[in-house]
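Below is one structure, written out as structure tokens, with a few remarks after it.
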Amino acid sequence: MGYLIIRKRRKKPTESRYTTAYALFDSLWEAGITTCFVNVGSDHPSILEAIVKGKRERPDSWPKLITCPSEVTAISMADGYARVTGKPQAVLVHVDVGTQALAHGLHNASVGRVPVLILAGLVPYTESGELPGSRTEYSNWLQDAPDQKGLVRQYCRYTGEIHTGLNVKQNMARALQFASSSPKGPSYLVCAREVLAQEIKAYSLDQSRWVPIGETAIPPDAVRNVAEALVNAERPLIITGYSGRDRRTPELLTALADSIPGIRVHDTGGSDVNFPFSNIASEGFRLGVDECTQDADVILLLDCDIPWIPSRNPPSADARIYHIDIDPLKQHFPVSFYPANGRWKADSFTALTQLVNHIKTDTALAEKLQNPVYIARRDARAKAHQARMDEIASRPRLGDDEPLDFDNIGQLLKSVLPESTNFVIEAVTASHALHDQLQPTRPGSWINCGATGIGWSNGAALGVRMALTDTEAQNAQDSRQEGGLVCQVVGDGSFMCAAPSSALWVGSKYQIPLLTVVLNNGGWKAPRNSVKLVYPDGLGASATDDEINTAIRPSPNYAALAEAAAGSEVGWTNEIKDTQGWMKGVRVQTVGQLKEALTSAVSRLSTDKKSMLVEVLL
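Per full-length UniProt numbering, the very first residue in the sequence shown carries number 1; after that it's consecutive.
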């Protein structure tokens, strides 16, 4: 029996095609998505045809395509872009292998609640030319996963398949609704080659009919109960984790804290600027562990994943606890046992507006807050805050010949870089010290991952810079969107974990100026902390980094790598004044050297619009 070979008349290249693939990009543009981060493959012939057609026929109304050699670069750039805009971004990857290569980037977007639309092809379902897009290559059989959507389902808010081009835009709009509705996160759509090649009649979709779920409030009795509990408490505490993702929220949280003298606000997530460090109520940022949880008598949890570590710093058994969160049950966490006297699924901006207004307008509460005891609490809190600020200021050793550590690095970043700098932080074990020294106050000026897939910042910083540039052009009058430099601060272990050469190349190709500071302490330090917590007197506590397999020795020369990946054709030198090429990499060991490097970086990024990587040898 022979094979059936079907040949259809091919249209001339000049003939116009409105295919499913073309409609896919058309729908992105209609939805306001102007950038797509791509890593293309054998499932994308119709995609590539559509891209060329769109670029040639409508260059000013077609998504900008960013080539990413690594899928993790692509999704991390989309992640960073969305963290600035709050709107979903698009990623295009290649069948099952490209989907799997998203790896920890998908985890980050899911756990970090970042809206991302991931598009992937499916291998053709016909073998013999029955339809345009039928199998033509050896790999078409090898990449035929039985359930490709199953690879990512547990990390996505929605997974779906486009079965026909006749409703491609409806499928796209539905996926975007899920990605954009809180709790936000990734949506994943797949489409076979035959469907992508299908020719359809051009049509538009009214995007105003495909909006995400609106903001939600807490019931009036809950507003009253929470407000009264906080005002009547002797040691009230607010714990937040990611409420600052909505950049309107820090101002309201400040208003709430200012209205209740003596209250404390603890950031246990560190992914955003949730509350200004300079406010006297601030307890700063610590990942889940801070003694303030243990003496509080009333605690409000606000958009918070891990308010405390039950085995280390649980609250008092008598503490009254209230939880307001867009994801209060943590539906993606199989184990999450945090008791509360009241729990509501609500938008933090809306809920804070309700609480602030209630305290302002309730005459009984207003009268109570005039009691001299509250003035005494405010004074005591101001003294405690100043003592903490003084202690933090005493840590850095700032003589030019002093060796570098996390405290003086943080202080130099704060003092040398402009106030408008936006920090993208992935320093893991150094994050607390850096936060103490940088003392972020402006919403959006500190962005951390919010999840645990290291290597995120390599692409995220590029996405943040791209989004700020685009937003500045579109919304020059919006005071919430700040320009300024973007500074990535990353540990060497994290930097190594997500294709740094890919991210560096993308920055060079698309001229995205960044300052990257690599903290080279010779490996991953977090696993040592983990073993000490479980086995404080065990063998690992005194073992070397090599013995526990966390050392990165011999150390790569990250400064030289940066120049090479960015396309430098000259040999690397550790000379700050050597300004050839798009990227300059330098290595520093002392306070004076870092100060000089950062000063040079400010000029390089601001004036020349070129990138710089500073490798700090610790």
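All residues carry an ideal CB built from backbone N, CA and C; glycine is no exception. Being a predicted model, the structure only gives us computed values, none of them experimental.
Identity of the residue in the options nearest residue i by Cα
{"i": "Leu151", "options": "Ala564, Gln100 and Pro183", "result": "Gln100"}
{"i": "Lys414", "options": "Lys595, Pro146 and Gly54", "result": "Lys595"}
{"i": "Gly98", "options": "Val72, Thr441, Val111 and Phe25", "result": "Val72"}
{"i": "Glu367", "options": "Tyr81, Ala384, Ile47 and Glu228", "result": "Glu228"}
{"i": "Gly455", "options": "Ala103, Gln207, Ala23 and Glu161", "result": "Ala103"}
{"i": "Gln89", "options": "Pro115, Cys191, Ala364 and Ser70", "result": "Pro115"}
{"i": "Ile162", "options": "Cys156, Pro403, Lys149 and Gln154", "result": "Lys149"}
{"i": "Arg174", "options": "Leu24, Ile552, Ser502 and Val591", "result": "Leu24"}
{"i": "Asp405", "options": "Glu615, Tyr138 and Arg135", "result": "Glu615"}
{"i": "Arg286", "options": "Val265, Asp295, Thr590 and His385", "result": "Val265"}
{"i": "Ala564", "options": "Ala179, Pro554 and Gly581", "result": "Gly581"}
{"i": "Ser442", "options": "Phe37, Pro63, Met172 and Glu251", "result": "Sequence inspection shows Arg at residue 442; the Ser mentioned does not correspond to that position. Of the listed residues, the one whose Cα sits closest to Arg442 is Glu251."}
{"i": "Asp144", "options": "Asp96, Gly165 and Ile118", "result": "Asp96"}
{"i": "Ile548", "options": "Val168, Arg248 and Gly523", "result": "Gly523"}
{"i": "Leu300", "options": "Pro328, Ser311, Pro276 and Pro310", "result": "Pro328"}
{"i": "Ile324", "options": "Arg343, Asp258, Leu65 and Lys64", "result": "Arg343"}
{"i": "Ile375", "options": "Gly444, Val416 and Pro261", "result": "Pro261"}
{"i": "Leu412", "options": "Thr159, Gln593 and Ile75", "result": "Gln593"}
{"i": "His44", "options": "Cys191, Phe275 and Pro315", "result": "Cys191"}
{"i": "Pro527", "options": "Leu515, Gln511, Thr550 and Ser542", "result": "Thr550"}
{"i": "Thr216", "options": "Ser502, Leu365 and Lys345", "result": "Lys345"}
{"i": "Ala317", "options": "Ala340, Tyr242 and Leu256", "result": "Ala340"}
For residue i: DSSP bridge partner residues
{"i": "Arg587", "result": "Glu615"}
{"i": "Asn448", "result": "Ile425"}
{"i": "Gln488", "result": "Val424 and Thr516"}
{"i": "Leu119", "result": "Leu92 and Leu189"}
{"i": "Leu302", "result": "Thr240 and Ile324"}
{"i": "Asp267", "result": "Thr240 and Phe285"}
{"i": "Gly342", "result": "Tyr322"}
{"i": "Ile66", "result": "Phe37"}
{"i": "Pro403", "result": "Thr590"}
{"i": "Glu57", "result": "Answer is none; Glu57 lacks a bridge partner."}
{"i": "Tyr203", "result": "According to DSSP, Tyr203 bridges with nothing at all."}
{"i": "Glu161", "result": "Val190"}
{"i": "Ala551", "result": "Gly523"}
{"i": "Thr19", "result": "Glu199"}
Local Cβ density within 10 Å of residue i, reported as buried at 16 or more and exposed below that
{"i": "Glu482", "result": "The pLDDT assigned to Glu482 is 46, lower than 50, so where the model puts this residue is not dependable; a value taken from the coordinates is nonetheless given after this. So Glu482 counts as buried."}
{"i": "Arg9", "result": "With a pLDDT of only 47 at Arg9, under the threshold of 50, the placement of this residue in the model should not be trusted; the figure read from the coordinates follows. So Arg9 counts as exposed."}
{"i": "Asp546", "result": "exposed"}
{"i": "Pro513", "result": "buried"}
{"i": "Asp272", "result": "buried"}
{"i": "Leu438", "result": "buried"}
{"i": "Lys584", "result": "buried"}
{"i": "Ser479", "result": "Caution is warranted here: a pLDDT of 43 is assigned to Ser479, below 50, making its placement in the model unreliable, and no coordinate value can be reported."}
{"i": "Ala202", "result": "exposed"}
{"i": "Leu48", "result": "exposed"}
{"i": "Gly571", "result": "exposed"}
{"i": "Tyr322", "result": "buried"}
{"i": "Val91", "result": "buried"}
{"i": "Leu142", "result": "exposed"}
{"i": "Lys577", "result": "exposed"}
{"i": "Tyr138", "result": "exposed"}
{"i": "Gln477", "result": "Only weak support is given to the placement of Gln477: the predicted model assigns it a pLDDT of 49, under 50, and the question is left unresolved by the model."}
{"i": "Arg157", "result": "buried"}
{"i": "Ala222", "result": "buried"}
{"i": "Val84", "result": "buried"}
{"i": "Val569", "result": "It should be noted that the sequence gives Glu, not Val, for residue 569. It is exposed - the Cβ of Glu569 has fewer than 16 other Cβ atoms within 10 Å."}
{"i": "Val335", "result": "exposed"}
{"i": "Lys610", "result": "buried"}
{"i": "Ile213", "result": "exposed"}
{"i": "Asp267", "result": "buried"}
{"i": "Pro276", "result": "buried"}
{"i": "Phe337", "result": "exposed"}
Whole-angstrom C-beta distance between residue j and residue i, which should lie under 8 Å
{"i": "Asp246", "j": "Ser348", "result": "7 Å"}
{"i": "Gly129", "j": "Arg193", "result": "Their Cβ separation, rounded to whole angstroms, is 12 Å, which puts Gly129 and Arg193 out of contact at 8 Å."}
{"i": "Leu196", "j": "Thr19", "result": "7 Å"}
{"i": "Arg135", "j": "Pro124", "result": "5 Å"}
{"i": "Val518", "j": "Glu426", "result": "Actually they are not in contact, since the Cβ atoms of Val518 and Glu426 sit about 10 Å apart, beyond 8 Å."}
{"i": "Ser76", "j": "Asn448", "result": "Contact flag wrong, Cβ pair sits at about 13 Å."}
- Please confirm if the stretch 451-471 is in contact with the stretch 419-435, defined as three or more CB-CB distances below 8 Å between the two stretches. yes
- Message: Under 8 Å: do the stretch 48-63 and the stretch 425-437 share three or more Cβ pairs, one atom per stretch?
- Response: no
- Item | Touch test, the stretch 106-120 against the stretch 183-199, Cβ-Cβ under 8 Å, three pairs minimum | yes
- Would you be able to state if there are at least three C-beta pairs under 8 Å between the stretch 485-502 and the stretch 527-544? no
- Task: Report yes or no: do the stretch 223-241 and the stretch 351-365 share at least 3 C-beta pairs separated by less than 8 Å?
- Result: yes
- Message: Contact between the stretch 228-244 and the stretch 267-283 is defined here as three or more beta-carbon pairs at a separation below 8 Å; is this criterion met?
- Response: yes
- Query: Can you find at least 3 beta carbon pairs, one from the stretch 203-210 and one from the stretch 27-38, that sit closer than 8 Å?
  - Reply: yes
- Task: Taking 8 Å as the threshold, find out whether the stretch 551-566 comes into contact with the stretch 375-386 through three or more Cβ pairs.
- Result: no
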